[in-house]
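Q: The structure follows.
In this note's numbering, the protein residues as written are 1 to 394.
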């Protein structure tokens, strides 16, 4: 951890404040403005640091909701989704352009629509159906990161379109920096527009980034503090979502980028705000009753609201995340879990589950799903300070 720096993570449930080698958590008072609550609880710490010594990341504003429209699943949609997730963005939906006429229209406000497709030697890809679809969407920002030969035409048809460099080069490799920079800057603008968060800039002169973006930056440095061996996955189980960051060596997808790690978000596998959807997913899993029996509980545990039920839900979340990236589940990205060396767990889960409880569920998964008695080493970020490794890095 960096000395003489104040590191703050604003979460949906907790503040995490780190100074030197100490991290403290504070449960948020939801009746107070975030800034007021933070200053009330941590003023004695904050006063000891200059603005350029304070580094803040946040997931409390919910992140940016994103809709991606792409030409192909294999390239444009896959590449744009990859960049968006690694920028800490929440993807509401992805739409294949050829299926636009039968695609559903999101009812909620979309923070940003991303349009991608085509290499720079191709033109006349998009037609009027794209503009008609966009007219039915309530969105705040729209960005085009596709063929440069189509940019002028789209710019003339779409009001306030932001045109940036194509995410696909002529070798069909991903060019991620322009879109990543656009999205991280848009996240900053979003914070500046949120009354309960923008006041945080009175504490720091550094840019506030999304927490998932900071965690992804941290991963190449993780072995400096934790006994994590590549290839590994990091599972962050929170109140609203569960994130999984994974070494690219584990992926079947051959995306050529500079990043060594990718991120996947399960929007409905949180243990507080997404509790009901987590229970729904568990009840619809073919192994849930066998798993509950293994944990020596019945499905009545879903109707309880106590510490025991919370522990069970967190164990189920671990199982479901691994299940959803395994070869037995066809709807999500498949990871080569048989090659996995380490599982790192962070987030609120590390304050609730013991090492034995985590090991029990991972061992059950490997034995039942992968038919293996051997499972990866387990690392608990019990101090919840993985994010501190990358927050000060440019």
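Yeah, the Cβ is synthetic: ideal placement off N, Cα and C, and Gly gets one too.
#1: My assumption, with CB atoms under 8 Å, is that residue 197 sits in contact with residue 343. Please give the rounded CB distance.
#2: In the DSSP output, what is residue 9 paired with across the bridge?
#3: Could you work out which residue in 5, 24, 7 is closest to residue 348 when comparing CA atoms only?
#4: What is the rounded straight-line gap between the Cα of residue 5 and the Cα of residue 177?
#5: Please state whether the Cβ-Cβ distance between residue 90 and residue 180 is less than 9 Å.
#6: Do you know how far the Cα of residue 261 is from the Cα of residue 219?
#7: Under 9 Å, do residue 93 and residue 106 count as touching if we go by C-beta distance?
#8: What span of residues does the alpha helix (DSSP H) with residue 90 cover, start to end?
#9: Give the range of the alpha helix (DSSP H) segment to which residue 77 is assigned.
#10: Could you have a look at residue 243 and say whether DSSP puts it in helix, strand or coil?
#11: Under the criterion of a Cβ to heavy atom distance below 8 Å, does residue 315 qualify as lining the ligand ADP?
#12: Should residue 40 be labelled buried (16 or more other beta-carbon atoms within 10 Å of its own) or exposed?
#13: Under a three-way DSSP split, which group does residue 348 fall into?
#14: Which partner residues of residue 343 appear in the DSSP bridge assignment?
#15: Buried or exposed: which applies to residue 82, given that a residue is buried once 16 or more other Cβ atoms fall within 10 Å of its Cβ?
#16: For residue 66, which of helix, strand or coil comes out of DSSP?
#17: Any idea if residue 315 is buried or exposed, counting beta-carbon neighbours within 10 angstroms, 16 or more meaning buried?
#18: Just mark residue 364 as buried or exposed, buried being the case when its beta carbon has 16 or more other beta carbons within 10 Å.
#19: Can you give me the Cβ contacts of residue 122 inside the same chain, cut-off strictly under 6 Å, excluding the 5 residues immediately before and after it?
#20: Grab me the residues of residue 327's own chain with a C-beta within less than 7 Å of its C-beta, minus the 5 sequence neighbours each way, in chain order.
#21: Am I right that residue 233 and residue 222 are in contact with their C-beta atoms under 8 Å? What's the rounded C-beta distance?
#22: Quick one: what's got a C-beta closer than 7 Å to residue 158's C-beta in the same chain, skipping five residues either side?
#23: Assign residue 381 to buried or exposed, taking buried as 16 or more other Cβ atoms, counted over all protein chains shown, within 10 Å of its Cβ.
#24: Mapping DSSP to helix, strand and coil, what is residue 188?
#25: Between residue 384 and residue 354, is the Cβ-Cβ spacing less than 9 Å?
#26: If you follow the alpha helix (DSSP H) that residue 287 is in, where does it begin and where does it stop?
#27: Tell me the DSSP secondary structure of residue 24 in three-state form.
#28: Please classify residue 360: does DSSP put it in a helix, a strand, or coil?
#29: Is residue 215 buried or exposed, if buried means 16 or more other CB atoms sit within 10 Å of its CB?
#30: Counting Cβ pairs closer than 8 Å, one from the stretch 164 to 178 and one from the stretch 44 to 63, do we hit at least three?
#31: Could you spell out the range, first to last residue, of the beta strand (DSSP E) harbouring residue 328?
#32: Give every residue of the same chain whose Cβ lies closer than 7 Å to the Cβ of residue 312, excluding the five residues on either side of it in the sequence, and list them in chain order.
#33: Leaving out the 5 sequence neighbours to the left and right, which residues in its chain are closer than 7 Å to residue 189 when beta-carbon positions are compared?
#34: Can residue 182 and residue 208 be called in contact, C-beta distance under 9 Å?
#35: Residue 402: buried (16+ other C-beta within 10 angstroms of its C-beta) or exposed?
#36: Leaving out five residues on either side along the sequence, give the residues of the same chain with a beta carbon under 8 Å from the beta carbon of residue 76.
A: By the coordinates alone:
#1: By 1-based counting over the chain shown, the position of residue 197 is 197. By 1-based counting over the chain shown, the position of residue 343 is 343. No, residue 197 and residue 343 are not in contact; Cβ-Cβ is about 32 Å, not under 8 Å.
#2: Here residue 9 corresponds to residue number 9 of the chain shown, with the count starting at 1. Answer is 16, 57, bridged to residue 9.
#3: As a first step, residue 348 must be located in the chain shown, where it is residue number 348. If we check each option's Cα against that of residue 348, 24 comes out closest.
#4: The residue labelled residue 5 in the question sits at position 5 within the chain shown. The residue labelled residue 177 in the question sits at position 177 within the chain shown. Looking at the two C-alpha atoms, the distance is approximately 28 Å.
#5: Sequence index remark: in the chain shown, residue 90 carries index 90 (1-based). Sequence index remark: in the chain shown, residue 180 carries index 180 (1-based). Not a contact, by the Cβ cut-off of 9 Å.
#6: The sequence position of residue 219 within the chain shown is 219, counting from 1. The sequence position of residue 261 within the chain shown is 261, counting from 1. Answer to the nearest angstrom: the Cα atoms are 7 Å apart.
#7: Here residue 93 is taken as the residue at index 93 of the chain shown, counted from 1. Here residue 106 is taken as the residue at index 106 of the chain shown, counted from 1. Yes; because the gap between Cβ atoms is below 9 Å, this pair is in contact.
#8: Taking the chain shown and counting its residues from 1, the one referred to as residue 90 is at position 90. The continuous stretches of alpha helix (DSSP H) do not include residue 90, which lies in the beta strand (DSSP E) extending over residues 90 to 96.
#9: Numbered from its first residue, the chain shown carries residue 77 at position 77. First-last for residue 77: undefined, no H or E at that position.
#10: Within the chain shown, numbered from 1, the residue matching residue 243 stands at position 243. It is a strand residue.
#11: Judged by which ligands are present, the structure shown has none, so any question about the ligand ADP falls away.
#12: Walking along the chain shown from the start, residue 40 turns up at place 40. Per the 10 Å Cβ criterion, exposed.
#13: Counted from its first residue, the chain shown places residue 348 at position 348. Residue 348 falls in the helix class under three-state DSSP.
#14: Along the chain shown, read from residue 1 onward, the residue named residue 343 stands at position 343. Residue pairing from DSSP places residue 343 in a beta bridge opposite 233, 378.
#15: Locating residue 82 in the chain shown gives position 82, where the first residue counts as 1. Answer is buried; the Cβ neighbour count reaches 16.
#16: Within the chain shown, residue 66 is the residue found at index 66, counting from 1. Note: residue 66 maps to strand in three-state DSSP.
#17: Counting from one through the chain shown, the residue named residue 315 turns up at place 315. Counting Cβ neighbours within 10 Å, residue 315 comes out buried, since at least 16 surround it.
#18: As a first step, residue 364 is located in the chain shown; it is residue number 364 there, counting from the start. The residue in question, residue 364, is buried, as its Cβ has 16 or more Cβ neighbours within 10 Å.
#19: As a working note, residue 122 is residue 122 in the chain shown. For residue 122, where only same-chain residues beyond five positions count, the Cβ hits under 6 Å are 147.
#20: For the purposes of this step, residue 327 is identified with residue 327 of the chain shown, where counting begins at 1. Closer than 7 Å at Cβ, skipping near neighbours: 334.
#21: Within the chain shown, the letter at position 233 stands for residue 233. Within the chain shown, the letter at position 222 stands for residue 222. Actually they are not in contact, since the Cβ atoms of residue 233 and residue 222 sit about 11 Å apart, beyond 8 Å.
#22: Position 158 of the chain shown, counting from 1, holds the residue named residue 158. Only 131, 134, 142 meet the Cβ criterion.
#23: On the chain shown, position 381 is the one that residue 381 refers to. Residue environment analysis places residue 381 among the buried positions, since at least 16 neighbouring C-beta atoms fall within 10 angstroms of its C-beta.
#24: Mapped onto the chain shown, residue 188 falls at position 188. Residue state, collapsed to three classes: helix.
#25: Residue mapping note: residue 384 aligns to position 384 of the chain shown, counting from 1. Residue mapping note: residue 354 aligns to position 354 of the chain shown, counting from 1. In this structure, residue 354 does not lie closer than 9 Å to residue 384 by Cβ.
#26: Residue numbering aside, residue 287 sits at position 287 when the chain shown is read from its first letter. Residue 287 -> no alpha helix (DSSP H), and no H or E assigned at all.
#27: Position 24 of the chain shown, counting from 1, holds the residue named residue 24. Of the three classes helix, strand and coil, the one that applies to residue 24 here is strand, per DSSP.
#28: Here the question's residue 360 lines up with position 360 in the chain shown. Note: residue 360 maps to helix in three-state DSSP.
#29: Along the chain shown, one-based indexing puts residue 215 at 215. That one is buried.
#30: The stretch 164 to 178 is not in contact with the stretch 44 to 63.
#31: Here residue 328 is taken as the residue at index 328 of the chain shown, counted from 1. Counting along the chain, residue 328 falls outside any beta strand (DSSP E), and DSSP gives it neither H nor E.
#32: For the purposes of this step, residue 312 is taken as the residue at position 312 of the chain shown. Once the five neighbours on either side are set aside, the close Cβ partners of residue 312 are 295, 297, 301.
#33: Your numbering for residue 189 matches position 189 in the chain shown. Excluding residues within five positions, none has a Cβ falling inside 7 Å.
#34: Within the chain shown, the letter at position 182 stands for residue 182. Within the chain shown, the letter at position 208 stands for residue 208. No, the Cβ-Cβ distance between residue 182 and residue 208 is not below 9 Å.
#35: For the chain, the structure presents residues 1 to 394; residue 402 sits outside this window and is missing.
#36: In the chain shown, the residue the question calls residue 76 occupies position 76. Here the set comprises 70, 116, 117, 118, 146, 167, 168.
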